[in-house]
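Notes follow once the structure below has been shown.
Numbering (my numbering), first residue to last: 227 to 354.
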């Protein structure tokens with residue numbers, strides 16, 4: 227477990243309870259389309275750096291984790307956690323991530339059926 231971090235982040239989209247929302251595919255709901263556009267914007271807006279640039283401002287730690295259906299971490303799992311880290315940075319009005327660490331973490335409660343994947347990074351802004 228990296229730095230004692232055991233965080234479970236769930237990226238869920240909640241559909242409304244009205245009969246109209248229930249009759250529409252979840253991918254057609256306004257909340258789904260909004261979340262997807264937010265994810266796209268975060269992916270475009272947040273750049274990953276190896277190290278925090280000298281002129282970075284507002285440096286803050288971010289973390290994301292999820293239960294993978296796979297028994298071991300895959301490249302897709304890493305991409306999913308990286309997207310989560312970018313979303314967290316974007317929500318903080320940051321445009322950069324550095325010192326990204328993504329790895330399998332322990333699951334002492336055995337809540338995951340597969341591997342528990344977690345990631346940490348430093349979010350910051352390079353904008354003046």
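All C-beta atoms in this analysis are idealised placements derived from N, C-alpha and C, irrespective of residue type, glycine included. Remember, predicted model here, so these are calculated numbers, not experimental data.
| said: I'd like the ranges of any alpha helix (DSSP H) spanning at least 4 consecutive residues and lying wholly in the segment 290-330. | reply: 301-317
| field | Cα-Cα separation between residue 343 and residue 281, rounded to whole angstroms | value | 31 Å
| query | Who are residue 351's beta bridge partners in DSSP? | reply | 283
| request: Can you give me the start and stop residues for the alpha helix (DSSP H) that residue 255 sits inside? | output: No alpha helix (DSSP H) contains residue 255, which DSSP labels as neither H nor E.
| message | Let me confirm a value: residue 283 is counted as buried when at least 16 other C-beta atoms fall within 10 Å, else exposed. Which label applies? | response | exposed
| If you drop the 5 nearest sequence neighbours on each side, which residues of the same chain put their C-beta closer than 7 Å to that of residue 314? | 288, 290 and 349
| query | Can you name, in chain order, every residue of its own chain whose Cβ lies under 6 Å from the Cβ of residue 345, other than the five neighbours on each side? | reply | 290, 307, 311 and 328
| Just reading off the beta strand (DSSP E) that residue 274 is part of, what are its end residues? | 273-275
| task | Rounded to whole angstroms, what's the CA-CA distance from residue 325 to residue 339? Just pull it up for me. | result | 28 Å
| message | Quick check: the Cα distance between residue 251 and residue 304, rounded to an integer number of angstroms? | response | 28 Å
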